[in-house]
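Input: a single structure, listed below in structure tokens.
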Amino acid sequence: MALSREQVQHIAELARLELSEQETELFVEQLSAILDYAEQLNDLDTDAVPPTAQVLALRNVMRSDELQPCLTPDQALANAPQRQDAYFRVRAILE
Amino acid sequence: MELHELTIRQAHELLVGREISSVDLTAAVLARIRAVEDRVKAYIHVSADSALASAAEADRRRAAGEDHPLLGIPLAIKDVIVTQGIPTTCGSKMLQGFMPPYDSMVVSRLRRAGAVILGKTNTDEFAMGSTTENSRFHTTHNPWDLSRVPGGSSGGSAAAVASDECIGSLGSDTGGSIRQPAGFCGVAGLKPTYGRVSRNGLVAFASSLDQIGPICKQVADCAMLFETIAGYDSKDSTSVDLPVPDCLGGIADGVRGLRLGVPKEYFVDGMQPEVNQAIQKALKVWESLGAEIVEVSMPHTEYCLSVYYLLATAEASANLARFDGIRYGYSDHHAESLWDGYTASRTEGFGAEVKRRIMLGTYALSAGYYDAYYLKAQKVRTLIKQDYDRALEQCDALITPTSPTTAYGIGEKVNDPLEMYLSDIYTLSLNLAGLCGIAIPCGFAAGLPIGLQIQGNAFAEAEIMRVAYAYEQATEWHLAHPTL
Numbered sequence: 001m002a003l004s005r006e007q008v009q010h011i012a013e014l015a016r017l018e019l020s021e022q023e024t025e026l027f028v029e030q031l032s033a034i035l036d037y038a039e040q041l042n043d044l045d046t047d048a049v050p051p052t053a054q055v056l057a058l059r060n061v062m063r064s065d066e067l068q069p070c071l072t073p074d075q076a077l078a079n080a081p082q083r084q085d086a087y088f089r090v091r092a093i094l095e
Numbered sequence: 096m097e098l099h100e101l102t103i104r105q106a107h108e109l110l111v112g113r114e115i116s117s118v119d120l121t122a123a124v125l126a127r128i129r130a131v132e133d134r135v136k137a138y139i140h141v142s143a144d145s146a147l148a149s150a151a152e153a154d155r156r157r158a159a160g161e162d163h164p165l166l167g168i169p170l171a172i173k174d175v176i177v178t179q180g181i182p183t184t185c186g187s188k189m190l191q192g193f194m195p196p197y198d199s200m201v202v203s204r205l206r207r208a209g210a211v212i213l214g215k216t217n218t219d220e221f222a223m224g225s226t227t228e229n230s231r232f233h234t235t236h237n238p239w240d241l242s243r244v245p246g247g248s249s250g251g252s253a254a255a256v257a258s259d260e261c262i263g264s265l266g267s268d269t270g271g272s273i274r275q276p277a278g279f280c281g282v283a284g285l286k287p288t289y290g291r292v293s294r295n296g297l298v299a300f301a302s303s304l305d306q307i308g309p310i311c312k313q314v315a316d317c318a319m320l321f322e323t324i325a326g327y328d329s330k331d332s333t334s335v336d337l338p339v340p341d342c343l344g345g346i347a348d349g350v351r352g353l354r355l356g357v358p359k360e361y362f363v364d365g366m367q368p369e370v371n372q373a374i375q376k377a378l379k380v381w382e383s384l385g386a387e388i389v390e391v392s393m394p395h396t397e398y399c400l401s402v403y404y405l406l407a408t409a410e411a412s413a414n415l416a417r418f419d420g421i422r423y424g425y426s427d428h429h430a431e432s433l434w435d436g437y438t439a440s441r442t443e444g445f446g447a448e449v450k451r452r453i454m455l456g457t458y459a460l461s462a463g464y465y466d467a468y469y470l471k472a473q474k475v476r477t478l479i480k481q482d483y484d485r486a487l488e489q490c491d492a493l494i495t496p497t498s499p500t501t502a503y504g505i506g507e508k509v510n511d512p513l514e515m516y517l518s519d520i521y522t523l524s525l526n527l528a529g530l531c532g533i534a535i536p537c538g539f540a541a542g543l544p545i546g547l548q549i550q551g552n553a554f555a556e557a558e559i560m561r562v563a564y565a566y567e568q569a570t571e572w573h574l575a576h577p578t579l
């Protein structure tokens, strides 16, 4: 299944990536080749087969809502590109 | 024998007998790193000072009467596993300079046992690749032939073990990233059962497939490391609460009466003839040790690659969405809007293979294609799991090659992603089924190691290591060292 340039650009936008002209060309070609290969899955009739999301028996894992040892604000913010006081600093999202 | 050549088991005996100290051993390994690292390039970061300090602390603990198989043993950690106070980069510009504020569960267990952390080994960016060529920093060279790749993505760990730049190591395996490089470098690598080893502090690639495991010089060393890192952890919601078996205790019990299955679909065109010959010879060795060899069929083998690359990339696209340039990681400061900041940080921070996989995964999950790709792949995953269930009813373990070929040249496949993905064809089905497997050396072709893989049932790590150990002790491949 061949992807179009527009589709590749749309996927990039969804993934918050910007592609150069050259990268777009390359991904059109490479992703189309990989998806072509994956078309083989359509040879299999899977109508009656349940999907496997993960191999362990699914169950919710909860813990009691009690304070446990955790990072201090300074530790949590130590790798922040920009901080202000005890907060991550981000660009304004409102006009 | 030089100290850096020791196995974990040998080093432990010498430490217990007070014939060497951990400081002696760690200094010897650091000297080995200085001697060969400019050619092998196994590490991204070596923390010599903190390693020597840990070694001195281990010697004090031993003098005070403590013992553990890993007390004072210098180990290398793949750079996708977070280490407090030691930079963790995932081989990516995105995390260049990132200093984790906590230890992963496996590393905290190693430290509690008294292991010495030497540094962080090279990996394909975010563990996405089969050669380490996708590392942002450098390509690791195969110690057996420096013009060839060590495999990947745990290529740094496997090369460090093969070149004696550590006594043992940890890698991670999402589709073969422990077993394939172990095979290419002629060492032993164990992928534990999904849920057996905590993923807490393993930077997530594909969460339903990722597992941490040991890469070591010999099978018994894998058992020692595995026993230390395995076991329930409440910080990993997919951690399984089962007792960790004593793997070392029964490791020498042999294979008499065991049935070893050979999946006929694995032996197809494209396999290097020497690889096939080495596997056939290995089967004869097990037969001579009393095992029965049976042929089994795994009819959905040919679909594993497609399923893997749809599911792993889908999970990766979701996991890597967290890299937004705000809380940690690379951040572009020039963008004016929040949206542009996300895009610029991710565009500059991620390399080509990571972008390719994020793109593929985003597409597989996107509106209108979810059923056709993601859901379809999950259904075929069920069929692949059923193949294993049926095959392992007929035998105790499966024997396969780790890769269709021996290590290929640096640069040979890097521009053809599909060709590169095909080199993982024998390893990725195991992750889809969530079972355990171990790679060990079984011969050489033109001076390059050939790897074989033993795949076993869920939580059967002790059994597959017993099968591996029987073969290892009957042969001498594990004793060969590259000339560097």
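The listed protein sequences correspond, in order, to chains H and Z. For the first sequence, position 73 matches number 73 in this note's numbering, and the numbering has no gaps at all. Numbers given in this note's numbering equal positions in the second sequence, counted from 1, plus 95. Every residue, glycine too, gets a C-beta built ideally from N, C-alpha and C.
Here Z/L101 has L109, L120 and I262 as same chain residues with Cβ atoms under 8 angstroms from its own Cβ, once five neighbours each way along the sequence are excluded. Per DSSP, Z/L304 has no beta-bridge partner at all. Around the beta carbon of Z/V363, fewer than 16 other beta carbons sit within 10 angstroms, so the residue counts as exposed. The DSSP assignment places 200-208 as complete runs of the alpha helix (DSSP H) inside the region 169-238 of chain Z, in order along the chain (cut-off: 4 residues). In this structure, Z/T269 sits near Z/F300, with a CB-CB distance shorter than 8 angstroms. Neighbourhood of Z/I545 in chain H, by CB distance below 7 angstroms: empty, with the nearest CB roughly 27 angstroms away.
In this structure, Z/D219 is the residue among Z/D219, Z/A143 and Z/A130 with its C-alpha nearest to the C-alpha of Z/V175. Within the region 411-429 of chain Z, the residues whose Cβ lies closer than 7 angstroms to any Cβ of chain H are, in chain order, S412, G420, I421, R422, Y423 and S426. Within the model, the alpha-carbon separation for Z/S264 versus H/Q7 is close to 42 angstroms. Here the alpha carbon of Z/R485 sits roughly 13 angstroms from the alpha carbon of Z/V357. C-alpha of Z/V292 to C-alpha of Z/E431: approximately 43 angstroms in a straight line. Residue range G250 to A257 is occupied by the alpha helix (DSSP H) that includes Z/A254. Within the region 43-75 of chain H, the residues whose Cβ lies closer than 7 angstroms to some Cβ of chain Z are L44, T46, V49, P50, P51, T52, A53, Q54, V55, L56, V61, R63, L71 and Q75, listed in chain order.
The Cβ-Cβ distance between Z/A569 and Z/Q548 does not fall below 8 angstroms. Judged by beta-carbon spacing, Z/S249 lies within the 8 angstroms limit of Z/P276, meaning their Cβ atoms are closer than that value. By the neighbour-count criterion, in which a residue is buried when 16 or more other Cβ atoms sit within 10 angstroms of its Cβ, Z/T578 is exposed. Z/Q489 counts as exposed, since fewer than 16 other C-beta atoms from the protein chains shown sit within 10 angstroms of its C-beta. Close to chain H, meaning a Cβ-Cβ distance shorter than 8 angstroms, are the following residues of the region 176-200 of chain Z: F193, M194, P196 and Y197. One finds L513 in chain Z with Cβ atoms closer than 7 angstroms to the Cβ of H/A33, taken in chain order.
Within chain Z, the residues placing a beta-carbon under 7 angstroms from that of H/Q30 are R451 and P512, ordered along the chain. One Cα belongs to Z/Y425, the other to H/I34, and the distance between them is close to 29 angstroms.
Within chain Z, no C-beta atom comes less than 7 angstroms from the C-beta of H/R5; the nearest is roughly 13 angstroms away. Taking 8 angstroms as the cut-off, the Cβ atoms of Z/G251 and Z/T226 do not count as close. Residue pairing of Z/R354 in beta bridges, as defined by DSSP: Z/E387. Among the CB atoms of chain H, none fall inside 8 angstroms of the CB of Z/T522. When CB distances to chain H are screened at a threshold of 7 angstroms, not a single residue of the region 209-235 of chain Z falls below it. Chain order gives the chain Z residues near H/A80 as I421, R422 and Y423, where near means a beta carbon separation below 8 angstroms.
Chain H has a Cβ within less than 8 angstroms of the Cβ of Z/Y289. Of all C-beta pairs linking the region 453-472 of chain Z to the region 364-380 of chain Z, fewer than three are shorter than 8 angstroms, placing the two stretches out of contact. Close to H/E95, with beta-carbon spacing below 8 angstroms, lies no residue of chain Z; the smallest spacing is near 11 angstroms. When C-beta atoms of the region 283-297 of chain Z are compared with those of the region 526-545 of chain Z, three or more pairs fall below 8 angstroms, so the two segments count as touching.
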